[in-house]
């Protein structure tokens with residue numbers, strides 16, 4: 001602080017008491033300034049800290065991906081992809097089987113009779129299941145060899161860390177006593193790779209086997225089951241075509257391909273899997289969480305925007321003054337309901353209510369009703385809408401309130417009705433404010449934690465958007481929810497911990513972006529009031 | 001509005017505007033739709049209030065003297081024992097059950113329900129402590145910073161940037177502050193899960209709100225009021241003390257009460273920084289040194305609601321506990337919020353320029 005500047009030019013203030021060369025005025029100014037400085041620094045620190053804790057993530061993730069590749073587990077995973085496709089096929093076949101059992105029971109056959117009927121087609125099912133065995137065994141063997149290598153590599157890593165710490169504390173003898181081997185992944189991988197010809201043979205047999213077995217698909221003599229078997233044949237043929245693609249990928253895979261840091265980055269931002277504590281490889285992909293967050297937010301905004309903006313227009317333009325004086329504080333009051341209480345209401349009442357309503361006979365024509373999960377994106381979204389409405393309402397009402405009265409008067413004087421004035425004059429004038437209100441409401445919804453943690457169902461999977469509107473009744477997991485759920489159990493500094501910080505950072509950036517645009521829009525389209 | 005009034009009004013409109021046209025019909029329809037939407041929102045909120053007040057009231061209130069469920073408000077959460085003894089059905093919290101069992105020789109078969117007995121006093125105490133500490137930190141930093149930003153700092157690009165970033169931080173999700181508090185205070189500073197870590201996390205969360213709202217209310221005071229004071233020879237501080245702060249007080253108070261409601265209501269920031277799911281002692285019990293008070297975790301109402309509604313098996317006994325806790329919590333937060341709204345309405349009428 002410049003001491004001199006606080007004195008006036010004509011030394012009028014010179015008779016003031018001073019302490020350590022500071023007058024009361026400058027001391028106070030220093031106090032206020034110091035506080036402001038601390039506040040701003042601390043708030044800036046949050047940003048820095050998030051970046052610092054999150055930044056280490058990509059390095060760790062890259063190392064993890066590199067290990068995954070070098071140990072050859074990625075190679076096994078490619079083969080496992082094929083195995084999974086085959087299992088899916090088998091599962092479909094089994095679903096035909098169980099449907100057949102249901103049908104037989106419905107038609108009134110008793111146990112012995114239905115067994116006799118099922119025995120006719122039994123061979124086909126068993127034969128098909130047998131086809132999958134060689135591939136499965138091959139994958140399991142390869143996996144065992146490579147995971148053993150990976151595990152002992154990690155053990156050696158731990159040992160050498162231990163030795164480092166021993167050396168640091170000067171315990172040379174103990175450190176020397178540790179036996180640390182180099183693990184050569186290439187050695188292990190070559191064993192697996194050398195059996196590639198086996199894999200090719202397995203595939204040949206598999207294709208021949210399926211092709212051989214398909215013509216003998218049993219005839220159930222029932223339209224529904226027949227359609228299912230036809231579908232099964234199609235799927236099987238698709239699988240046969242895919243086999244060569246899987247094989248190509250497996251053969252083309254190279255252990256020595258480097259893992260650039262950008263790959264860690266893309267597999268975080270565009271990763272489709274969020275898998276933690278896995279025995280094979282942990283995946284930290286943002287897409288399942290991001291899409292869950294967006295789905296919930298979309299549901300919430302679908303309700304909150306029309307209701308919030310509509311209520312703002314109603315209260316500001318249509319309602320009588322008594323109504324206005326009651327509704328405004330009431331809606332502001334809604335924003336004070338703690339989110340955890342709303343979430344609790346969702347668990348206790350709203351979720352059950354939705355499931356019950358979806359089971360009504362009169363709604364049976366909707367193809368995704370009745371829903372199976374009580375807690376889903378819709379439950380969370382519906383409740384979040386109630387939390388977003390006060391935000392949208394208050395800000396939109398402010399914007400409407402700021403429209404000069406003369407605009408309205410001019411419009412009315414031209415003979416337009418109140419509705420025409422609202423639609424053509426008032427809303428367009430306040431549009432920038434309304435848009436920013438909607439944006440800020442969206443920000444509130446995206447950042448809300450407790451409601452989604454309690455009511456969104458917490459299933460980490462990308463919602464199946466292809467299924468149309470029914471997707472909103474799927475359980476999802478969100479970015480905020482995953483932090484709240486998993487942060488409690490992670491090790492400080494581990495990759496998982498840093499991954500959660502990265503998610504937090506993404507949330508932070510999203511909210512900054514929303515706020516920034518909300519302000520930009522307001523400033524850019526501000527009406528000039530002459 | 002009485003029906004006769006409506007009729008009068010409608011007939012007036014008819015005589016004034018002549019026969020109803022298509023656009024009038026549309027207007028009436030659209031307005032009805034708006035009204036419907038608005039009242040639908042109010043109804044939804046009312047449903048939540050009524051549900052929680054009705055079901056929670058059963059837990060909190062009693063039909064005979066002293067009309068309050070004293071055990072619920074003064075005991076700590078315990079396991080509930082439900083058993084039959086000599087043909088009567090008993091429901092007892094763990095401590096009561098132990099003393100009850102002492103006089104009886106025969107073994108009693110009970111069903112136990114975790115978290116369903118006792119009360120929520122430690123949670124109430126913990127929440128009050130958290131709010132008090134966080135608000136002291138946030139108010140000191142916030143109001144003093146606001147005074148500096150509004151009265152002392154020179155307008156310019158830097159000030160605008162600072163203002164903008166504070167405004168932006170006000171919209172950052174609370175879980176981000178939670179993860180920050182966890183990384184910074186709990187782990188990096190080594191405070192562990194403690195009251196003080198919760199204080200700072202919550203204080204930082206509301207700090208942007210308090211700064212921007214307080215500054216806003218100071219800047220809203222016309223420059224003329226300051227100039228008049230300066231013209232009389234008053235110093236800057238005197239001007240602030242006599243001509244700025246008194247008029248800005250309503251705004252500062254409202255913003256701080258909103259801050260209190262927010263601090264009391266948030267769960268995400270304290271989940272990892274300050275809240276324990278269960279703790280036997282009250283915060284001020286069993287302290288070895290006085291400052292141990294700051295370095296211990298507490299139970300808190302919002303976290304307790306989360307624990308009892310998401311982490312334990314559900315049954316009728318836990319449901320009573322859940323609704324009771326939600327009711328008390330809603331009551332506390334709603335009282336704070338309501339007082340802020342009333343205060344603002346009152347103050348607005350008092351100061352006008």
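Residue numbers (the numbering used here), protein chains in the order written: chain A, 1 to 530; chain B, 1 to 353.
Where is the CB? At the ideal position from N, CA and C, for every residue including glycine.
Computed from a prediction, not measured in an experiment: that's the story for all the values here.
What first and last residue would you give for the alpha helix (DSSP H) that runs through residue 95/B?
Counting from 1 along the second chain, the entry for residue 95/B is found at position 95. Segment 94–102, the alpha helix (DSSP H) holding residue 95/B.
Distance, Cα to Cα, residue 29/B vs residue 419/A?
For the purposes of this step, residue 29/B is taken as the residue at position 29 of the second chain. For the purposes of this step, residue 419/A is taken as the residue at position 419 of the first chain. Going from the Cα of residue 29/B to the Cα of residue 419/A covers about 10 Å.
Answer yes or no: do residue 25/A and residue 78/B have a C-beta to C-beta separation smaller than 9 Å?
Here residue 25/A refers to the residue found at position 25 when the first chain is read from its first residue. Here residue 78/B refers to the residue found at position 78 when the second chain is read from its first residue. No, Cβ-Cβ distance for residue 25/A and residue 78/B is not below 9 Å.
Mind checking who residue 78/B pairs with in its DSSP beta bridge?
As a position in the second chain, residue 78/B is number 78, starting the count at 1. Bridge partners of residue 78/B: 117/B.
Note down the Cα distance separating residue 125/A from residue 463/A, rounded to an integer number of angstroms.
As a first step, residue 125/A is located in the first chain; it is residue number 125 there, counting from the start. As a first step, residue 463/A is located in the first chain; it is residue number 463 there, counting from the start. The alpha-carbon atoms of residue 125/A and residue 463/A are separated by roughly 32 Å.
Spell out whether any CB of chain B is found under 9 Å from the CB atom of residue 530/A.
Indexing the first chain from 1 puts residue 530/A at position 530. Because residue 530/A carries a pLDDT of 38, less than 50, the predicted location of this residue cannot be relied on, and no value is offered for it.
Would you please verify whether the beta carbon of residue 338/A is less than 9 Å from any beta carbon of chain B?
Stepping through the first chain from its first residue, residue 338/A is reached at position 338. Answer yes: the Cβ-Cβ gap between residue 338/A and chain B drops below 9 Å somewhere.
Residue 441/A and residue 305/A: beta carbons closer than 9 Å?
Here residue 441/A is taken as the residue at index 441 of the first chain, counted from 1. Here residue 305/A is taken as the residue at index 305 of the first chain, counted from 1. In this structure, residue 305/A lies closer than 9 Å to residue 441/A by Cβ.
Look at residue 476/A and residue 380/A and say whether their C-beta atoms are less than 9 Å apart.
As a working note, residue 476/A is residue 476 in the first chain. As a working note, residue 380/A is residue 380 in the first chain. Yes, Cβ-Cβ distance for residue 476/A and residue 380/A is below 9 Å.
Just confirm the distance between the C-beta atoms of residue 335/A and residue 391/A, as a whole number of angstroms; I'd bet it's less than 8 Å.
Within the first chain, numbered from 1, the residue matching residue 335/A stands at position 335. Within the first chain, numbered from 1, the residue matching residue 391/A stands at position 391. About 7 Å; that satisfies the 8 Å criterion.
Anticipated Cβ contact below 8 Å, residue 187/A with residue 135/A, distance rounded:
What you label residue 187/A is simply residue 187 of the first chain in a count that begins at 1. What you label residue 135/A is simply residue 135 of the first chain in a count that begins at 1. About 25 Å separates the two Cβ atoms, so there is no contact after all.
Nearest residue (CA-CA) to residue 455/A, options 351/A, 447/A, 394/A:
If you number the first chain from 1, residue 455/A lands on position 455. Comparing Cα-Cα distances from residue 455/A to each of 351/A, 447/A, 394/A, the minimum goes to 351/A.
If you count every other CB in all the chains shown that lies within 10 Å of the CB of residue 224/A, and 16 or more means buried, which is it?
What you label residue 224/A is simply residue 224 of the first chain in a count that begins at 1. That one is exposed.
How would you write the range of the alpha helix (DSSP H) that residue 271/B sits in, first residue to last?
Taking the first residue of the second chain as position 1, residue 271/B is located at position 271. Run containing residue 271/B: 268–271, per the alpha helix (DSSP H) assignment.
Could you give the distance in angstroms between the alpha-carbon of residue 97/B and the alpha-carbon of residue 81/B?
In the second chain, residue 97/B corresponds to position 97, counting from 1. In the second chain, residue 81/B corresponds to position 81, counting from 1. Looking at the two C-alpha atoms, the distance is approximately 7 Å.
Determine which residues of the stretch 215–231 of chain B have a Cβ less than 9 Å from any Cβ of chain A, and write them out in chain order.
none
Candidates 371/A, 346/A, 345/A, 213/A: closest to residue 357/A by CA position:
In the first chain, the residue the question calls residue 357/A occupies position 357. The shortest Cα separation from residue 357/A among 371/A, 346/A, 345/A, 213/A belongs to 371/A.
Output needed for residue 153/A: all residues of its chain with C-beta closer than 8 Å, excluding positions within five of it in sequence on either side, in chain order.
As a position in the first chain, residue 153/A is number 153, starting the count at 1. Result list for residue 153/A: 67, 71, 183, 185, in chain order.
With 16 other CB atoms within 10 Å as the buried threshold, where does residue 518/A fall?
Position 518 of the first chain, counting from 1, holds the residue named residue 518/A. Residue 518/A is buried by the Cβ-count criterion.
For residue 237/A and residue 230/A, the rounded distance between their alpha carbons
Your numbering for residue 230/A matches position 230 in the first chain. Your numbering for residue 237/A matches position 237 in the first chain. Approximately 11 Å, taken between the alpha carbons.
Environment of residue 3/A [buried if 16+ CB atoms lie within 10 Å]:
Here the question's residue 3/A lines up with position 3 in the first chain. Residue placement at residue 3/A is poorly supported in this model, since its pLDDT is 47, which falls under 50; the coordinates are not used for a value here.
Look at the alpha carbon of residue 42/A and the alpha carbon of residue 35/A, and state the distance between them as a whole number of angstroms.
Within the first chain, numbered from 1, the residue matching residue 42/A stands at position 42. Within the first chain, numbered from 1, the residue matching residue 35/A stands at position 35. So the two alpha carbons sit approximately 10 Å from each other.
Count the CB pairs spanning the stretch 322–338 of chain A and the stretch 259–269 of chain B that are closer than 8 Å, and state whether there are at least three.
yes
Pair every Cβ in the stretch 48–59 of chain A with every Cβ in the stretch 217–236 of chain B, then say whether three or more of these pairs are closer than 8 Å.
no
Short-range partners of chain A found in the stretch 189–217 of chain B, where Cβ spacing is below 7 Å:
204, 207, 208, 211
Measure the CB-CB distance between residue 274/B and residue 310/B and report whether it falls below 9 Å.
The residue labelled residue 274/B in the question sits at position 274 within the second chain. The residue labelled residue 310/B in the question sits at position 310 within the second chain. Contact flag unset, no.
9 Å Cβ cutoff met for residue 319/A and residue 318/B:
Along the first chain, one-based indexing puts residue 319/A at 319. Along the second chain, one-based indexing puts residue 318/B at 318. No, the Cβ-Cβ distance between residue 319/A and residue 318/B is not below 9 Å.
Min CB distance residue 44/B to chain A below 9 Å
Position 44 of the second chain, counting from 1, holds the residue named residue 44/B. Answer yes: the Cβ-Cβ gap between residue 44/B and chain A drops below 9 Å somewhere.
Alpha carbon to alpha carbon, how far is residue 245/A from residue 331/A?
In the first chain, the residue the question calls residue 245/A occupies position 245. In the first chain, the residue the question calls residue 331/A occupies position 331. Using only the alpha carbons, I get a separation of about 58 Å.
Which residues in the same chain have their Cβ closer than 7 Å to the Cβ of residue 182/B, if we skip the five residues on either side of it in sequence?
Residue mapping note: residue 182/B aligns to position 182 of the second chain, counting from 1. Result list for residue 182/B: 272, 273, in chain order.
Identify every residue that forms a DSSP beta bridge with residue 55/B.
For the purposes of this step, residue 55/B is taken as the residue at position 55 of the second chain. For residue 55/B, which the question treats as bridged, DSSP gives no partner whatsoever.
Where does residue 476/A sit, in a helix, a strand or coil, going by DSSP?
Locating residue 476/A in the first chain gives position 476, where the first residue counts as 1. Three-state DSSP puts residue 476/A in a strand.
Just mark residue 513/A as buried or exposed, buried being the case when its beta carbon has 16 or more other beta carbons within 10 Å.
For this step, residue 513/A is matched to residue 513 along the first chain. Label assigned to residue 513/A: exposed.
Using three-state DSSP, classify residue 276/B as helix, strand or coil.
Against the second chain, residue 276/B aligns to sequence position 276. It is coil, neither helix nor strand.
Go through its chain and collect everything with a Cβ distance to residue 529/A's Cβ below 6 Å, but skip five positions before and after it.
Translated into the one-based positions of the first chain, residue 529/A becomes position 529. For residue 529/A, the predicted structure reports a pLDDT of 47, less than 50, and the residue's modelled location is therefore unreliable. A value from the coordinates is still provided. Taken in chain order, the residues that qualify are 404.
Might you give, ordered along the chain, the residues of its own chain that have their beta carbon closer than 7 Å to the beta carbon of residue 93/A, omitting 5 neighbours on each side?
Position 93 of the first chain, counted from the start, is the residue given in the question as residue 93/A. The residues are 125, 128, 232.
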